[in-house]
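Participant: Have a look at this one before I ask anything.
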Amino acid sequence: MDPQSLEYLKRKLHYLCRRRATQELELILMRFWKEHADQLTAQDLLDLEQILTLDDLDLLAICLGQKPIPQGYNRALFARIVQVRPR
């Protein structure tokens with residue numbers, strides 16, 4: 003992925019992390035973004051983009067451990083997201 007496309011994707015994902023249906027999900031995703039954005043690989047960013055297409059209530063339930071991670075999603079990335087949620 004070229005640097006310009008990568009920068010565009012980062013801006014898009016930052017926006018998507020802050021614009022969620024619930025404040026709880028926004029808090030989790032923005033904490034994750036602030037702590038990990040600079041360390042994410044291009045593949046991590048693409049996987050995060052896929053994760054952010056999930057329905058907000060389903061995504062929140064997954065982050066809270068109330069639903070399993072769906073097949074085909076990056077489990078390691080989900081684990082990093084879940085680690086930053088408030089306990």
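The numbering of the sequence shown is the working numbering, which starts it at 3 and goes up by one. C-beta atoms are modelled at their ideal positions from N, C-alpha and C, and glycine is treated no differently. All values derive from a computational prediction rather than experimental measurement.
#1: Residues in its own chain within less than 6 Å of residue 80 by CB, not counting five upstream and five downstream?
#2: Ordered along the chain, which non-local residues of its own chain (more than five positions away) have a Cβ less than 6 Å from that of residue 87?
#3: Start and end of the alpha helix (DSSP H) containing residue 60?
#4: Quick check: the Cα distance between residue 22 and residue 37, rounded to an integer number of angstroms?
#5: Can you tell me which of the three DSSP states residue 69 falls into?
Facilitator: With the structure as the only source:
#1: Against the sequence shown, residue 80 aligns to sequence position 78. So the list reads 71, once near-sequence residues are dropped.
#2: Here residue 87 refers to the residue found at position 85 when the sequence shown is read from its first residue. Counting only Cβ-Cβ distances below 6 Å, and skipping sequence neighbours, we find 30 and 65.
#3: Counted from its first residue, the sequence shown places residue 60 at position 58. From DSSP, the alpha helix (DSSP H) with residue 60 extends over 58-65.
#4: The count along the sequence shown starts at 1 and reaches residue 22 at position 20. The count along the sequence shown starts at 1 and reaches residue 37 at position 35. Whole-angstrom Cα-Cα distance: 18 Å.
#5: Here residue 69 refers to the residue found at position 67 when the sequence shown is read from its first residue. If DSSP states are grouped into helix, strand and coil, residue 69 belongs with coil.
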